[in-house]
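Add 7 to the 1-based position in the sequence shown for the working numbering, that's all there is to it.
All C-beta atoms, glycine included, are put in the ideal place defined by N, C-alpha and C.
Only a predicted model underlies this, so the values are computations on that prediction, with no experimental measurement involved.
Reviewing the structure listed below.
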Amino acid sequence: MIPFKHTRNGALTIKGDVIILNANTATKSDYPLILKIWEASVRKTHHFLKESDLLFYKEIIPQALDSVNLIVWKNQNHEVVGFSGIDKDELVMLFLDPPIYWPMLR
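What follows is the structure, given as structure tokens:
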């Protein structure tokens, strides 16, 4: 388990580092970056998927993005670092960009 603390102002403290994330409603123009983050995150964490599985999901993800309340998360530098998708009251997508966050989580 990775030790972290969440505060009311949107800040996360992970291993002593404070990360401020701001939620922004995603638009279709964000889709290419969202797909890039999705693929990088899945390749880093979903080792059980075959390449053919990954390619299959990569084809259907854009339609799935259209069916959720899609949020891009930006850091203090206004860089998109991840995204989430909510369907009704259920979190169905949550992906962070591994190049930004995985080194911090080791």
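Item	Value
Can you say whether arginine 113 is buried or exposed, counting buried as having 16 or more other CB atoms within 10 angstroms of its CB?	Unreliable positioning characterises arginine 113 in this predicted model, as indicated by a pLDDT of 42, which lies under 50. A coordinate reading is not provided.
Answer yes or no: do glycine 89 and asparagine 76 have a C-beta to C-beta separation smaller than 8 Å?	no
For proline 106, which residues from the same chain have a beta carbon less than 6 Å from its beta carbon, with the 5 sequence-adjacent residues on both sides left out?	none
On the DSSP letters alone, give me the boundaries of the beta strand (DSSP E) that lysine 57 sits inside.	No beta strand (DSSP E) holds lysine 57; DSSP gives it neither H nor E.
Leaving out five residues before and five after glutamate 66 in sequence, what residues of the same chain have Cβ atoms less than 6 Å from its Cβ?	none
What do you reckon, are the CB atoms on lysine 78 and asparagine 31 nearer than 8 Å?	According to the sequence as given, residue 78 is isoleucine; it is not lysine. Yes; because the gap between Cβ atoms is below 8 Å, this pair is in contact.
Measure the alpha-carbon distance for glutamine 83 versus asparagine 29 and round it to whole angstroms.	8 Å
Using the C-alpha atoms, what's the distance from phenylalanine 63 back to serine 48?	16 Å
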